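For reference, the structure is listed below as structure tokens.
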Amino acid sequence: MISRIKAFFNGGASGKRRVVTRFAPSPTGFLHAGNYRTAVFSYIYAKQHGGKFILRIEDTDIARSKKEYEENIFESLEWLKLPYDEMYRQSERAPIHRQYLEKLIAEDKAYEGEEARNEGGGKVIRFRNPNKKVRFTDLVRGEIEFDTTDLGDFVIAKSLAEPIFHFAVVVDDYLMGITHIVRGEDHISNTPRQMLIQEAIGAPTPTYAHLPLVLAHDRSKLSKRHGAESMTYYRDAGYLPDALLNYMALLGWNPGTDQEIFDLPDLIKAFDISKVQKGGAIFNEEKLRWVNKEHLKRLPKDALVMNIRDRIAKSSRAQDIGWDVSFETVNRIAPVLVERIDTYGDISKLVESQDLDYYFQNPIYDALSLKWKDDKDLTSVKKHLTHVKDILEKLPSAQWDENGIKAAIWPYAEAEGRGQVLWPLRFALSGKDRSPNPFTLAAILGKPSTLKRIDTALDLCSHAGADANP
RNA sequence: GGCCCUAUCGUCUAAUGGUUAGGACAGGAGCUUUUCAAGCUCUAAAUCGGGGUUCGAUUCCCCGUAGGGUCACCA
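This is the structure we're talking about:
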């Protein structure tokens, strides 16, 4: 029976074995950057060797495993575009584990211990430790040796039906034909006892690659309880999956060149597990933001516009006021927006701080804000706006773009003082102390709106002038 | 505490016996057609300590020190 199962999973006994890696998270918490980085390296290693990548949900601890966490793992991997070739749920494999358990007991390599440590628990199954030295060559760390004597006869199952981690992992890795185990450094001290079990069930020892840990700011291990956000958090914060992939690949590895921006095919080509760092690395969101912006800049325009449009349209401000967030409008403002954001989440911030209002509605402001620096009154504002309006009215529609508008106004602004002319114009269009330049704004707004906003400013000036008697 | 792992700017890292110890993010200064943003230029910032080996150590060895991981009927 056991050999039949084995043959099925291995595809028979052939010489060269195809590389098979696995990602084996336990559904006891959401998927975070530490888990994800392991998955990425494991996936890339498999794919660059033409191999297979398996997802195995390690849910043998029924008390702590939660369906919602399992969902979170699937959801995250899907968003991150990390496809697995096969998926298993460890809890569903208990009958298989039982056979190996029985076999070990029959061979006296394991035994039912009489004493239970916790109250209420029955007998447990312990491994008969041969007490020897084990050695393995880790792909990132080199030779590692352990003396297993201090492990004692460790527990491998609570009962025949309930194997625990070490045992289930070894049996599953064996049956699934895992050739390379890429996992976190926190598993390094689990390796010797798993190697002992491998030997007992007649399984070959796979090649190990223990990755350095992803660290929180205090240099301790990143975990769901300490310093880590879920990967879905980054999705909701408006990060690009490709940026996460890129950034995480750079945490603990580098190509040895100055290249920092990669896509998946690049990584599969360039990645070299032997160049993986040995020390842990702190997860730095600032750098992630930068990587994200670089990816944002490389995005196809339509995809970018669509995503930005969604962000704006679903904001409460856009909905409350009833902005018309059309593809055409967003298409025009996307270039200026992308310069001002690192993530799509920043769009939401811009909306909330009302820095996008002027693209969708007429600005409201105080007339005196139109004044440039220490101008005494609005006389020069009126003069310049009137003149600029005149220039723009005469500008043919065909030339109504950023360069055309600038070319038309620039000589006048040069002659009269740039700030004197440009500040009132920009303010008339945006109603904000800070905004893109007036040429860009006018181009985005279009001729009718631009002229209308200048008229409004001029009106405001007249009224303010009347009120402003000393 | 036992066992194991690690150690270059604040952070991510390059340089494996010979470099002015390089790059990136973040920081500072400046430039660029009004503000903001972007961009560009410049700048500050590191080999944990002590012994060896060597003509010469970031690099090799040893000892410290520091940090981390792990020591479950969790994974």
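Under numbering that gives the first Met the number 0, the residue at position 154 of the first sequence is numbered 153, and the numbers go up by one with no gaps.
Just so it is clear, CB atoms sit at the ideal spot from N, CA and C, and this is done for glycine as well.
Source: prediction; values computed, not measured.
Please look up how many angstroms separate the CB atoms of residue 27 and residue 63, rounded, as I've assumed it's under 8 Å.
Residue 27 to residue 63, Cβ: 5 Å. Contact.
Does residue 137 come out as helix, strand or coil in the three-state DSSP assignment?
The three-state secondary structure of residue 137, taken from DSSP, is strand.
Could you check what DSSP says for residue 438 in three-state terms: helix, strand or coil?
Judged by DSSP in its simplified three-state form, residue 438 adopts helix.
Count the other CB atoms, across all protein chains shown, that sit within 10 Å of the CB of residue 388; report buried if there are 16 or more and exposed otherwise.
When all chains shown are included, residue 388 counts as buried.
Measure from the alpha carbon of residue 274 to the alpha carbon of each residue in 254, 283 and 284, then state which is nearest.
Taking only the C-alpha atoms, the option nearest residue 274 is 254.
Between residue 290 and residue 311, is the Cβ-Cβ spacing less than 8 Å?
No, these two residues do not count as a Cβ contact at 8 Å.
From 163, 67 and 17, residue whose alpha carbon lies closest to that of residue 229:
Closest by alpha carbon: 67.
According to DSSP, simplified to helix, strand and coil, what is residue 288?
Under the three-state reduction of DSSP output, residue 288 falls in the helix class.
Runs of 4 residues minimum, wholly inside the region 23 to 108: which ones carry the alpha helix (DSSP H) assignment?
Correct list: 32 to 47, 66 to 78 and 93 to 105.
Proximity of residue 59 and residue 210 at Cβ, strictly below 8 Å:
Here residue 59 is not near residue 210, since their CB atoms are 8 Å or more apart.
Between residue 185 and the rest of its own chain, which residues show a CB-CB distance below 7 Å, the 5 nearest in sequence each way excluded?
Result list for residue 185: 212 and 220, in chain order.
Measure the alpha-carbon distance for residue 53 versus residue 85 and round it to whole angstroms.
Distance between the alpha carbons of residue 53 and residue 85 is about 5 Å.
Given this structure, state the Cα-to-Cα distance separating residue 403 from residue 374, to the nearest angstrom.
Looking at the two C-alpha atoms, the distance is approximately 29 Å.
Is residue 444 close to the ligand GTP? I mean its beta-carbon at under 7 Å from any heavy atom of the ligand.
The model on display carries no ligand, and the ligand GTP is accordingly not part of it.
Check for me: the beta strand (DSSP E) holding residue 418 runs from which residue to which?
That residue, residue 418, is in no beta strand (DSSP E); its alpha helix (DSSP H) goes 417 to 429.
Which stretch, first to last residue, makes up the alpha helix (DSSP H) that contains residue 126?
First-last for residue 126: 123 to 126, but that is the beta strand (DSSP E), not the alpha helix (DSSP H).
Who are the Cβ neighbours of residue 445 in its own chain at under 8 Å, not counting the five residues just before and after it?
Excluding positions up to five away in sequence, the list reads 399.
Is the beta carbon of residue 102 less than 8 Å from the beta carbon of residue 111?
Result no, Cβ atoms of residue 102 and residue 111 do not sit closer than 8 Å.
Mapping DSSP to helix, strand and coil, what is residue 150?
Note: residue 150 maps to helix in three-state DSSP.
Quick test of the definition: if touching needs 3 or more C-beta pairs under 8 Å, does the region 420 to 439 touch the region 346 to 361?
Pairwise C-beta distances place the region 420 to 439 in contact with the region 346 to 361, as three or more of them are shorter than 8 Å.
Status (buried if at least 16 other CB within 10 Å, exposed otherwise) for residue 321
Under this definition residue 321 is an exposed residue.
Taking all protein chains shown into account, decide if residue 136 is buried (16 or more other Cβ within 10 angstroms of its Cβ) or exposed.
When all chains shown are included, residue 136 counts as exposed.
For the region 193 to 210 against the region 163 to 170, are there 3 or more C-beta pairs whose distance is under 8 Å?
The region 193 to 210 is in contact with the region 163 to 170.
What ranges does the beta strand (DSSP E) occupy inside the region 333 to 405, keeping only unbroken runs of at least 3 residues that lie completely in it?
Taking only runs of at least 3 residues, no beta strand (DSSP E) segment lies wholly in the region 333 to 405.
Which value, in whole angstroms, describes the spacing of the CA atoms of residue 336 and residue 57?
Going by the C-alpha atoms only, they are around 44 Å apart.
Environment of residue 176 [buried if 16+ CB atoms lie within 10 Å]:
Residue 176 comes out buried.
Go ahead and pull the three-state DSSP assignment for residue 259.
In the three-state DSSP reduction, residue 259 falls in the coil class, being neither helix nor strand.
Relative to the alpha-carbon of residue 243, which residue among 257, 285 and 272 has its alpha-carbon at the smallest distance?
Checking every option, the nearest Cα to that of residue 243 belongs to 285.
How many Å lie between residue 141 and residue 183 at the Cα?
Distance between the alpha carbons of residue 141 and residue 183 is about 15 Å.
Cα-Cα separation between residue 90 and residue 21, rounded to whole angstroms:
The alpha-carbon atoms of residue 90 and residue 21 are separated by roughly 16 Å.
Please return the same chain residues whose Cβ sits closer than 8 Å to the Cβ of residue 78, not counting the five positions on each side in sequence.
Excluding sequence neighbours, residue 78 sits near 230, 231, 234 and 240.
Could you check if residue 161 is buried or exposed, using at least 16 other CB atoms within 10 Å of its CB as the buried criterion?
Its Cβ being crowded by 16 or more others within 10 Å, residue 161 is buried.
According to DSSP, is residue 216 helix, strand or coil?
Reduced to three states, the DSSP call for residue 216 is coil.
Can you grab the Cα-Cα spacing for the pair residue 272 / residue 100, in whole Å?
Going from the Cα of residue 272 to the Cα of residue 100 covers about 34 Å.
Determine the extent of the beta strand (DSSP E) in which residue 180 is found, giving its start and end residues.
Taken as a continuous stretch (DSSP letters only), the beta strand (DSSP E) holding residue 180 covers 179 to 183.
Cut-off 7 Å between Cβ atoms - residues of its own chain near residue 328, not counting five sequence neighbours on either side:
For residue 328, where only same-chain residues beyond five positions count, the Cβ hits under 7 Å are 358.
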